[in-house]
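Input: a single structure, listed below in structure tokens.
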Amino acid sequence: MSAVLNPAEAWFQPLTGARLDAVLAVEHASYTHPWNRANFTDSLKSGYEAQVLLGGDEVIGYFMAMKGVDEVHLLNITVAPAHLRQGWARVMLDALAIWSRGQGAEWLWLEVRTSNLRAMNVYDAYGFRRIGVRKQYYPAHAGQREDAVVMSFKL
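This is the structure:
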């Protein structure tokens, strides 16, 4: 397990192909249905905002977001398992909110699995509101599907 890092020891860097293997390792350690390499490379080719949060050379977390007309859609935000419950999700949400405001966005939007209570608690604490449910949005085990809770945050 990694040591707890002080926020002053961490920094953001644009996610590029050079860090993709490390990000994929975190992604696969974090989720039962992780994004694959093509999900990341397609998002990067599309010009989506992609930042990796580093502590030394270690990936603490990352996020991927898509800008719309007056909104930003958070596609993926992940904290490495070794750094959970240390406040890094809030650090990344703050960075995303600052970037989004700079893009002229008025809203942040996201979907989260109904089973991902930890993430929903983070979003609730940050100030996101639960707007609705997308039925059978996410793939689940044995060919099943899982609902997503749609959440928004007014910037």
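So that you can map any letter, position 145 of the sequence shown is 144 in numbering that gives the first Met the number 0, and since no number is skipped, the others follow by simple counting. Every residue, glycine too, gets a C-beta built ideally from N, C-alpha and C.
- For Gln85, the closest alpha carbon among the candidates Gly142, Gly54 and Asp146 is that of Gly54.
- Going by beta carbons, Ala81 and Leu52 fall outside the 8 Å limit.
- Val25 is positioned such that its CB atom lies closer than 8 Å to that of Ala79.
- Look at Tyr30 here: in three-state DSSP terms it is coil, with no helix or strand label.
- Within the same chain, Val149 come within 7 Å of Gly131 by CB-CB distance, once the 5 residues on both sides are set aside.
- Here the alpha carbons of Gln135 and Ala141 stand approximately 14 Å from one another.
- Shown here for Phe11: same chain residues with a beta carbon closer than 8 Å to its own, the five before and five after excluded, namely Gln50, Val51, Leu52, Leu53 and Ala94 in chain order.
- When the five nearest sequence neighbours on each side are left out, the beta carbons in the same chain lying within less than 8 Å of the beta carbon of Glu105 are those of Asp69, Glu70, Lys153 and Leu154, in order along the chain.
- Pairing Tyr47 with Leu92 gives a Cβ-Cβ distance that is not under 8 Å.
- The DSSP-derived three-state label of Glu8 is helix.
- For Ser151, no alpha helix (DSSP H) segment is defined; the enclosing uninterrupted segment is the beta strand (DSSP E) at Arg144 to Lys153.
- Rounded to the nearest whole angstrom, the C-alpha separation of Ser29 and Gly103 is 32 Å.
- Around the C-beta of Gly60, 16 or more other C-beta atoms lie within 10 Å, and the residue is accordingly described as buried.
- DSSP places Val90 in the helix class (H, G or I) of the three-state scheme.
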